[in-house]
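Residues in the sequence shown are numbered from 443 upward in steps of one, following the numbering used here.
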Amino acid sequence: MKNDHDVTRRHLLVLGAASSAAALIGTGRAEAAPAAPPKVPRRVLGKTKQSIPILLVGGGSGFNGTFDGRIKTALDYGVNYIDTARKYAGGRSEPAAANTLHKLNAREKTWITSKTGSWDAKGFERDVGISLGELKTDYIDLYFLHELDDPRPLDDKELIKTVESLKKAGKIRYFGFSCHSGNVAELLHAASKRSFIDAVMFRYNFRQYGNKELNLAIDAAHKANVGLIAMKTQGSEASFENAWKKFEQTGKWNKYQAVLKAVWADPRITAAVSHMDDMNKLRENIAAALDRSKLTQRENAALERYAALTRPYACDGCEHLCGAALDGQVRIGTTLRYLMYHDAYGERERAKDLFRALDPGARRLSGLDWDKASRACPHGVDIAAHMRRAQEVLV
Ligand code: SF4
443 MKNDHDVTRR
453 HLLVLGAASS
463 AAALIGTGRA
473 EAAPAAPPKV
483 PRRVLGKTKQ
493 SIPILLVGGG
503 SGFNGTFDGR
513 IKTALDYGVN
523 YIDTARKYAG
533 GRSEPAAANT
543 LHKLNAREKT
553 WITSKTGSWD
563 AKGFERDVGI
573 SLGELKTDYI
583 DLYFLHELDD
593 PRPLDDKELI
603 KTVESLKKAG
613 KIRYFGFSCH
623 SGNVAELLHA
633 ASKRSFIDAV
643 MFRYNFRQYG
653 NKELNLAIDA
663 AHKANVGLIA
673 MKTQGSEASF
683 ENAWKKFEQT
693 GKWNKYQAVL
703 KAVWADPRIT
713 AAVSHMDDMN
723 KLRENIAAAL
733 DRSKLTQREN
743 AALERYAALT
753 RPYACDGCEH
763 LCGAALDGQV
773 RIGTTLRYLM
783 YHDAYGERER
793 AKDLFRALDP
803 GARRLSGLDW
813 DKASRACPHG
823 VDIAAHMRRA
833 QEVLV
């Protein structure tokens, strides 16, 4: 990967980034790296009382195993938060992040979040131990139950005891969960009623502003001082690579920057995690974060039009609804998410690996009545078309 770590003044201007960002950098020579790079804004993460940057580095597609220039650049601009997980990049995300942080001697100034898919006490404790080893650290700032889609583990007394003892031993500082299935609202309400949950990372994007149920749940969690981190901020067009072209660039921001700014406009949300798979995306996101101006009315209207035009491409992950219309174990929302990784995020290998790891029944892409499933979808997602695309690119 290109090891270019400088977000130069010229680059920020080319990106159309705001005069405020450019002003922060100063008026030195056009090609010179800023002596003291500006830092992205920070907010407090709920009851942790810790300040974190509004932009977080997602490790879903992994990092360069030797040295990752994106981490270096992110740190230069105050983006000192890495979000990883046991299973990201086939288990390579944690050690790769650790290698770069070690070379930069930056562990102490970087917040690390990791996650495990083991939701029981034993598996959780085991995976915290593995993560500590892979991350080459004595403590992990925040440890999540990964992809929680069931509130029951949050009442597991053994798990709660284990979390408390790991916190006491200093192995994890804070605890929470990530979620993106159809019951995000239910899980946020659950978090709001449990004092041991410090933070939640959940699917949230500009398409959901009118979602009353989700908004009430966000309100409840925010009121209970649960730290809230947004993920999947791009609004998840599951497929059709050119769906994003329906976003008209009305001002200085492209679609990727505009949707991040839309999420940051919500004061209940502390930060947004972004899987910035190349230096260019990192630069664009830093530029958007550095600029403190809000989206204009015209830009918000463009986002709304874009959301409406691409609604049939976007999946909310509520696969219990469409799945119930079919026999078998097919996982429509999950498949569409992997398709999104493939088509919208460009993470082709990761998408294929994840799809291949599903149970055989969940991987079934033919011989099912997709139209019946589409009729059960409240958003009119064209499931048949997406599944044809999944067959082309994921199998
Ligand atoms: S296809 Fe529709 S019902 Fe199925 S998970 Fe996606 S949004 Fe929900």
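Where a beta carbon is used, it is the ideal one built from N, C-alpha and C, also for glycine.
Nothing here was measured: the structure is a model prediction, and the numbers come from that model.
By the C-beta criterion, the region 537-554 is judged to be in contact with the region 498-518, since at least 3 inter-stretch pairs fall below 8 Å.
The beta carbon of K489 sits closer than 6 Å to those of D640, N667, all from its chain and outside the five residues before and after it, given in chain order. Each residue's CA atom was taken as its position, placing S620 and D811 some 32 Å apart. Counting along the chain, A713 sits inside the beta strand (DSSP E) bounded by residues 713-716. Around the beta carbon of K610, fewer than 16 other beta carbons sit within 10 angstroms, so the residue counts as exposed.
Of the residues R649, P709, L658, A663, the one whose Cα lies closest to the Cα of K697 is R649. Excluding residues up to 5 positions away in sequence, K578 lie with their Cβ nearer than 8 Å to the Cβ of H544 in the same chain.
If you check the C-beta of L781 against the ligand SF4, you find no heavy atom less than 7 Å away.
Of the candidates E834, L737, C764, D758, C764 places its Cα closest to the Cα of A818. Excluding its 5 nearest sequence neighbours in each direction, L768 has C-beta neighbours in its own chain below 7 Å: L810, D811, K814, A815, listed in chain order. By the Cβ test, the region 772-790 is in contact with the region 747-762, since at least three Cβ pairs between them sit closer than 8 Å.
Looking from the CA of I496, the closest CA among F509, K529, W553, R528 belongs to W553. Residue nearest to K514 within the set S634, R528, V499 is V499 (criterion: CA-CA distance).
Shown here, Y698 sits in a helix according to DSSP, grouped into three states.
Between D518 and P479, the C-beta spacing is below 8 Å. For G775, the shortest separation between its Cβ and any heavy atom of the ligand SF4 lies below 7 Å. The straight-line gap separating the alpha-carbon atoms of A531 and R792 is approximately 7 Å. Here T555 is near D583, since their CB atoms are less than 8 Å apart. About 5 Å separates the CB atoms of H588 and G559; that is less than 8 Å, so the two are in contact.
In the DSSP assignment, R484 falls within the unbroken beta strand (DSSP E) covering 484-486. Residue environment analysis places R798 among the exposed positions, since fewer than 16 neighbouring C-beta atoms fall within 10 angstroms of its C-beta. Under the criterion of beta carbons closer than 8 Å, A663 and A633 qualify as touching, at roughly 5 Å.
Sequence-distant partners of Y581 (beyond 5 residues in either direction) whose C-beta falls short of 8 Å from its own C-beta, in its chain, are L574, G612, K613, I614, R615. DSSP places W553 in the uninterrupted beta strand (DSSP E) bounded by 553-558. F797 sits in a helix when the DSSP states are folded into three classes. For V486, the Cβ stays outside the 7 Å cut-off from all heavy atoms of the ligand SF4.
For V823, the Cβ falls inside the 7 Å cut-off from some heavy atom of the ligand SF4.
For D801, the CB contacts under 7 Å within the same chain, skipping 5 residues up- and downstream, are Q771 in chain order. Runs of the alpha helix (DSSP H) lying entirely within the region 562-618 and spanning at least 4 residues, in chain order: 563-576, 599-610. F644 is bridged by DSSP to C621, A672. Here S493 is bridged, per DSSP, to V486.
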